[in-house]
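To convert, count from 1 in the sequence shown and add 843; that's this note's numbering.
Just so it is clear, CB atoms sit at the ideal spot from N, CA and C, and this is done for glycine as well.
Each remark here refers to the structure printed beneath this line.
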Amino acid sequence: MMAAVENYSGLPHAWFPKVGDSGHTFDVLVVRGTFDLGANGVVPTRAARQVPVVDGDLYDEPRGADPMRAMLIQPGDRVLHKPQTDVFVTGHAHAPDGRPAGSWTAGIQVGDREVSLQLSGPRRFVKRLLGWRLTDATEVTEVPLSFERAFGGGYAITLDQSDAIVRIHKPDNPVGCGWLPDAKALDVLPAEERKIMAAAVAGVRELPAPQIEDPMAPVRSPFQQSPAFGSGPIAPWWAPRVHRQGTLDDDWFATRCPAVPDDFDSAYYQVAPASLTLSKHLQGGEQLRLTNLLPDSRYVSRLPGWTVMAVAAYADGSSNVAFPVIDTLSIDLDKGRLSLVWRCCFDRFNPVRSLVIGATDQPVARPPAGELVEDVA
844 MMAAVENYSG
854 LPHAWFPKVG
864 DSGHTFDVLV
874 VRGTFDLGAN
884 GVVPTRAARQ
894 VPVVDGDLYD
904 EPRGADPMRA
914 MLIQPGDRVL
924 HKPQTDVFVT
934 GHAHAPDGRP
944 AGSWTAGIQV
954 GDREVSLQLS
964 GPRRFVKRLL
974 GWRLTDATEV
984 TEVPLSFERA
994 FGGGYAITLD
1004 QSDAIVRIHK
1014 PDNPVGCGWL
1024 PDAKALDVLP
1034 AEERKIMAAA
1044 VAGVRELPAP
1054 QIEDPMAPVR
1064 SPFQQSPAFG
1074 SGPIAPWWAP
1084 RVHRQGTLDD
1094 DWFATRCPAV
1104 PDDFDSAYYQ
1114 VAPASLTLSK
1124 HLQGGEQLRL
1134 TNLLPDSRYV
1144 SRLPGWTVMA
1154 VAAYADGSSN
1164 VAFPVIDTLS
1174 IDLDKGRLSL
1184 VWRCCFDRFN
1194 PVRSLVIGAT
1204 DQPVARPPAG
1214 ELVEDVA
């Protein structure tokens, strides 16, 4: 029997069952809050229009009819739990003071985590006699914070004999630009296909270069062994997420499905890049600094200090107050807003019969983060 849920928080919620890592079913509460960024120095305020809980992952169109080259644009909220906090920033980054620039350094700070991005206008890798050269960047006033503009990419060839299509991708960013597969990357292909793909790669004379980089490790060659660097969400089949899902073999299907594999890593649920995955859950009120991203080049504020509470009444007659944790922060530069997602899991060994959700923007004494969140392992 599903619990009766009353929501007085003023924020959208979802209440749904999910199978835990051990095969047990849990009830999950998710609350999503949307806040307007507003002026520099002003704490973001609750938006008049609240975005509903996102039921599932949303993708854009695959590139070249290749499903591997679809990009995750909005992660779904209906997941069991996140052991850490995802932070991702999307939209268009604005050049300092709105003046055209060939490149600039942007910054994201949430609490004590600071991440810098080197942003550039369009530029190209050009093959010369002595190697690859990077052209000067075109001056621009904004750069899309999309993994399409980060180091990565994919290639496809058609085999003459069978019209079969052979594809190869940069594992951590199949939708990006500037990457060419080296001999090691081509080793995954059968010998004949590897030979044909190598010839195609050798014939490439120029290609778009990344516009989003790690300023401490700029990309200077299409064959450089550098990870993709960006600020958006990562699709489930991209590295490193895909390596965390565990072994989905016949034995798993016969003995554990629909539970996750024995070697499943719960970090699979994290969708943010490693640089923007915070080891602890947010509490609200942390410092927020966005540098050379918004039209106001130096935005400094704090995250909304909202606390979400849920009074749960259980089948055995007991009750308690649970404090869902913030495990997702997303910032949309184009819409000038941020979203917070709070989450809490409840074990069905003593099912929740009724749940009353509330929220306040005032400080509330509460137990350490996660104390009333059930163990989902």
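State buried or exposed for residue i, treating a residue as buried only when at least 16 other CB atoms are found within 10 Å of its CB.
i, result
"histidine 1086", "exposed"
"lysine 1146", "With the sequence shown as reference, residue 1146 is identified as leucine, and lysine is not the correct amino acid for it. Burial call: buried."
"phenylalanine 1192", "exposed"
"methionine 845", "exposed"
"threonine 978", "exposed"
"glutamine 1068", "exposed"
"proline 910", "exposed"
"threonine 948", "exposed"
"glutamate 1056", "buried"
"aspartate 838", "Given a span of 844 to 1220 for the chain in the structure shown, any question on residue 838 remains unanswerable."
"alanine 1220", "Only weak support exists for where alanine 1220 lies, its pLDDT of 46 falling under 50; the value from the coordinates is given anyway. Under this definition alanine 1220 is an exposed residue."
"serine 1197", "exposed"
"proline 1070", "buried"
So, with DSSP's three-state summary, where would you put residue i?
i, result
"glutamate 849", "strand"
"isoleucine 1039", "helix"
"lysine 1123", "coil"
"arginine 912", "helix"
"alanine 1156", "strand"
"glycine 884", "coil"
"leucine 1029", "helix"
"glycine 919", "coil"
"alanine 1208", "coil"
"histidine 1012", "strand"
"aspartate 1094", "helix"
"glycine 974", "strand"
"proline 939", "helix"
"valine 1044", "helix"
"glutamate 1217", "Its pLDDT being 46, under 50, glutamate 1217 is placed unreliably by the model, and the measurement read from it follows with that caveat. Glutamate 1217: coil per DSSP, three-state reduction."
"glutamate 991", "helix"
"valine 1184", "strand"
Are residue i and residue j closer than 8 Å when you measure CB to CB?
i, j, result
"valine 1199", "tyrosine 851", "yes"
"valine 1154", "aspartate 1170", "no"
"arginine 1063", "cysteine 1020", "no"
"threonine 994", "glutamate 1049", "Here residue 994 is phenylalanine; the residue named in the question, threonine, does not match the sequence. It is not a contact, given that the beta carbons lie outside the stated cut-off."
"glutamine 961", "proline 1058", "yes"
"arginine 1186", "glycine 950", "no"
"valine 932", "serine 1074", "yes"
"aspartate 879", "glycine 1179", "yes"
"isoleucine 1077", "proline 1116", "yes"
"valine 983", "proline 943", "yes"
"arginine 875", "valine 894", "yes"
Which same chain residues, not among the five before or five after residue i, have their C-beta less than 6 Å away from its C-beta?
i, result
"aspartate 1108", "Arg1087"
"threonine 831", "Limits of the chain in this structure are 844 at one end and 1220 at the other, which puts residue 831 out of reach."
"glutamate 1036", "Val1009"
"alanine 1043", "Ile1000"
"glycine 1160", "none"
"glycine 1201", "Tyr851, Ser852, Met1152"
Note down the Cα distance separating residue i from residue j, rounded to an integer number of angstroms.
i, j, result
"methionine 1040", "leucine 1029", "8 Å"
"glutamine 1113", "glutamine 927", "7 Å"
"valine 958", "glycine 853", "32 Å"
"glycine 964", "lysine 1038", "35 Å"
"histidine 856", "histidine 924", "15 Å"
"lysine 1027", "glycine 866", "39 Å"
"isoleucine 1174", "arginine 1084", "21 Å"
"arginine 906", "threonine 981", "25 Å"
"asparagine 1016", "glycine 919", "20 Å"
"glycine 974", "aspartate 1093", "47 Å"
"proline 987", "proline 1053", "12 Å"
"glycine 863", "alanine 1060", "39 Å"
"threonine 1098", "threonine 1090", "12 Å"
"lysine 1013", "glutamate 985", "26 Å"
"valine 897", "phenylalanine 869", "19 Å"
"arginine 889", "valine 1031", "50 Å"
"tryptophan 858", "asparagine 1135", "38 Å"
"valine 1047", "glycine 1127", "49 Å"
"phenylalanine 1072", "phenylalanine 990", "8 Å"
"alanine 891", "valine 1018", "35 Å"
"aspartate 903", "tyrosine 1111", "21 Å"
"arginine 1141", "valine 953", "14 Å"
"alanine 1045", "alanine 1007", "21 Å"
"serine 1162", "tryptophan 1080", "41 Å"
Excluding the five sequence neighbours on either side, which residues of its own chain have a C-beta within less than 7 Å of the C-beta of residue i, listed in chain order?
i, result
"glycine 884", "Val1143, Ser1144"
"proline 887", "Phe878, Asp879, Leu880, Gly881, Ser1144, Pro1147, Leu1181"
"phenylalanine 1066", "Leu1023, Asp1025"
"arginine 976", "Val969"
Mind checking if residue i is an interface residue toward chain C, Cβ cutoff 8 Å exclusive?
i, result
"tryptophan 858", "Among the chains in the structure shown there is no chain C, since it carries only a single protein chain."
Here's a check: name, in chain order, each residue in its chain whose Cβ is nearer than 8 Å to the Cβ of residue i, leaving out the five neighbours to either side.
i, result
"phenylalanine 1189", "Phe869, Asp870, Val871, Leu872, Ala1155, Ala1165, Val1195, Glu1217"
"histidine 935", "Glu985, Val986, Pro987, Leu988, Leu1176, Asp1177"
"leucine 1137", "Leu880, His937, Leu1176, Gly1179"
"proline 1051", "Pro965, Arg966, Arg967, Phe968, Cys1020, Gly1021"
"aspartate 1106", "Gly1089, Thr1090"
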